[in-house]
Amino acid sequence: MTDEERAILIGAASRARQHAHAPYSHFRVGAALRANSGRIFTGCNVENSTFGLTLCAERVAVFKALSEGERGFDAVAVVADTERLTPPCGACRQILWEFCRDSEVILSNFRGQIIVRRMSDLLPDAFDASFL
Ligand code: THU
1 MTDEERAILI
11 GAASRARQHA
21 HAPYSHFRVG
31 AALRANSGRI
41 FTGCNVENST
51 FGLTLCAERV
61 AVFKALSEGE
71 RGFDAVAVVA
81 DTERLTPPCG
91 ACRQILWEFC
101 RDSEVILSNF
111 RGQIIVRRMS
121 DLLPDAFDAS
131 FL
């Protein structure tokens, strides 16, 4: 993926973050996925007063895309306003692995920091349907 393509995905995730519903943690996250079709799907975290029902930005983006018929993705960006770049949580890593496999994962903040990982770095020895 080129730097320009990464910047587009980071911009989309940053804009989605503005819609975060995070009145409990005040921790706002945006995510953006690039589908194999080229379309970009975004998500933000959506919290609930029953805390365990909270959905992370990454899963919202994945489920939005899936519900519109997309299945494969090649990159995901995650944006939060943190000094240490925010990575996907464990649950999101498993969901991302199911549909994004070894995609590029781009982490960014609002201080111009960007790091690029692969899903296989974040979730080594992943469980998936190949074991069933
Ligand atoms: N959160 C995300 O949306 N994505 C991440 O990668 C990390 C955590 C959200 C969930 C919750 O609303 C808040 O951040 C604090 O955990």
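For the sequence shown, this note's numbering assigns the number 1 to the initial residue and increments by one for each residue that follows.
Built from N, CA and C at the ideal position, the CB exists for glycine as well.
What you are looking at is a predicted structure, and each value in this text was computed from that prediction instead of being measured.
Compute every distance between the C-beta of Ala13 and the non-hydrogen atoms of the ligand THU, then say whether any falls below 7 Å. no
As an exercise, report each continuous alpha helix (DSSP H) stretch of at least 4 residues that is fully enclosed by the segment 68-116, in chain order. 90-100
If we ignore side chains and look at the alpha-carbon of each, how far apart do Leu9 and Gln18 end up? 15 Å
Who are the near neighbours of Arg15 in its chain, counting only those whose CB is closer than 8 Å to its CB and skipping five residues on each side? Gly30 and Thr42
Please tell me whether, using a cut-off of 7 Å, the distance from the CB of Thr82 to the nearest non-hydrogen atom of the ligand THU is below it. no
Which of helix, strand or coil does DSSP assign to Arg118? strand
Mapping the DSSP letters down to three states, classify Ala22 as helix, strand or coil. coil
On the three-state DSSP scale, how would you describe Phe27? coil
Could you spell out the range, first to last residue, of the beta strand (DSSP E) harbouring Gly38? Careful: Gly38 lies outside any beta strand (DSSP E) and carries neither H nor E.
How about Val29: is its Cβ closer than 7 Å to a heavy atom in the ligand THU? yes
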